[in-house]
Amino acid sequence: MASSAYTFLSFIFYTIFLSFGLFKAEARRFSDISSLVSRGLYDSIFLHKDNSACPAKDFYTYSSFIQASRCFPQFGRTGSSITRKREVAAFLAQISHETTGGWATAPDGPFAWGLCFKEEVSPQSNYCDSSNTQWPCSPGKSYKGRGPIQLSWNYNYGPAGKALGFDGLNNPDIVSNSSLIAFKTALWFWMTEQKPKPSCHNVMVGKYKPTAADVKANRTAGYGLVTNIINGGLECGIPNDGRVNDRIGYFQRYAALFNVSTGSNLDCENQKSFN
Numbered sequence: 001m002a003s004s005a006y007t008f009l010s011f012i013f014y015t016i017f018l019s020f021g022l023f024k025a026e027a028r029r030f031s032d033i034s035s036l037v038s039r040g041l042y043d044s045i046f047l048h049k050d051n052s053a054c055p056a057k058d059f060y061t062y063s064s065f066i067q068a069s070r071c072f073p074q075f076g077r078t079g080s081s082i083t084r085k086r087e088v089a090a091f092l093a094q095i096s097h098e099t100t101g102g103w104a105t106a107p108d109g110p111f112a113w114g115l116c117f118k119e120e121v122s123p124q125s126n127y128c129d130s131s132n133t134q135w136p137c138s139p140g141k142s143y144k145g146r147g148p149i150q151l152s153w154n155y156n157y158g159p160a161g162k163a164l165g166f167d168g169l170n171n172p173d174i175v176s177n178s179s180l181i182a183f184k185t186a187l188w189f190w191m192t193e194q195k196p197k198p199s200c201h202n203v204m205v206g207k208y209k210p211t212a213a214d215v216k217a218n219r220t221a222g223y224g225l226v227t228n229i230i231n232g233g234l235e236c237g238i239p240n241d242g243r244v245n246d247r248i249g250y251f252q253r254y255a256a257l258f259n260v261s262t263g264s265n266l267d268c269e270n271q272k273s274f275n
């Protein structure tokens, strides 16, 4: 009897141990963004990112994207499966527009050329806001657009560097020299609230709570509000703006690849910008 009881208890403990191991493995699988974006899907989204015509050829690697996403545990891991996929599709669409190499008659269409550039070409200024004393510009440095989200201005490079562990003010070029840091800056911008702007993440996962000023400015939740957060001062409040339409076109293509709907409020033509 004692031997039988021992055998039975051993079986129970083994079953629990095995189940716990499987649970942890499943948790790891679910928590990793690669469960939503396989290498194959990534390559089908960015069909021409490594085309010889793209200055960023071989820069935006799948492994860097996955590794960077692990630094932001809530990205693509908040809400239902549809919500998670829609957020990732929205993020990839926005960075695609920011780095697009597409044109109307491009092979595979204009929305197959995301991640073609890693830094702004022929910037009109050094993007230094000298009035911002919290993040003072370093002499001779340019804070032009770099990386997937085209991080710009000293007041973004400074806090991004502080959050991610690099000297954004004195060494902004690292954003276009390190694929991993480049992706991290894009995700940092996506995930970080910069009042009065909400985070892009909160908008896409349904956590955005409009203030009275937001309601008055018609800043309604949806992909269009994300565009407003990123570049509303130049693109929103304008009927049928081509740049906004390009962002939408990328999102529609990627949402289809993720097999989810885009949701409503795709543009920001009736919204006032935050600045």
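Residue 144 in the UniProt record's numbering sits at position 144 of the sequence shown, and the numbers go up by one each step. All residues carry an ideal CB built from backbone N, CA and C; glycine is no exception.
Next on the checklist: With a threshold of 8 Å between beta-carbons, can SER96 be considered close to chain D, or not?
Outcome noted: Judged by its chain identifiers, the structure shown contains no chain D, having just a single protein chain.
Item to check | For GLU235, the three-state DSSP class (helix, strand or coil) | outcome: DSSP places GLU235 in helix when its eight states are reduced to three.
Next on the checklist: In the DSSP output, what is ARG146 paired with across the bridge?
Outcome noted: DSSP, once it has assigned bridges, lists GLU119, LEU151 as partnering ARG146.
Item to check | Of the residues ASN270, GLN150, ILE181, the one placed nearest GLY161, counting alpha carbons only | outcome: ILE181
Item to check | LYS85 - DSSP class collapsed to helix/strand/coil | outcome: helix
Next on the checklist: Assuming PHE65 and MET191 are in contact, meaning their beta carbons sit under 8 Å apart, how far apart are those beta carbons, in whole angstroms?
Outcome noted: At roughly 14 Å, the Cβ-Cβ gap does not stay under 8 Å, so PHE65 and MET191 are not in contact.
Checklist entry - What are the complete beta strand (DSSP E) segments, minimum 3 residues, inside the region 144-204? => result none
Next on the checklist: Between the alpha carbons of MET204 and ARG146, how many angstroms are there, rounded?
Outcome noted: In this structure, the straight-line span from the alpha carbon of MET204 to that of ARG146 is close to 24 Å.
Item to check | N-terminal and C-terminal residue of the alpha helix (DSSP H) that GLN252 is part of | outcome: 242-258
Checklist entry - Pick from VAL37, TRP135, LYS216: whose alpha carbon is nearest that of TRP153? => result TRP135
Item to check | Contact set for ASN202: own chain, Cβ-Cβ below 8 Å, skip 5 residues either direction | outcome: GLU193, TYR208
Next on the checklist: Give me the residue from CYS137, SER264, HIS97, ASN156 with the minimum Cα distance to GLY206.
Outcome noted: SER264
Item to check | Minimum C-alpha distance to GLY158 - residue among ASN170, PRO148, GLN150, ILE149 | outcome: ASN170
Next on the checklist: Rounded to whole angstroms, what is the Cα-Cα separation between ILE248 and GLU120?
Outcome noted: Approximately 21 Å, taken between the alpha carbons.
Item to check | Burial state of ALA53 (16 or more Cβ within 10 Å) | outcome: Looking at its Cβ environment, which holds fewer than 16 other Cβ atoms inside 10 Å, ALA53 is exposed.
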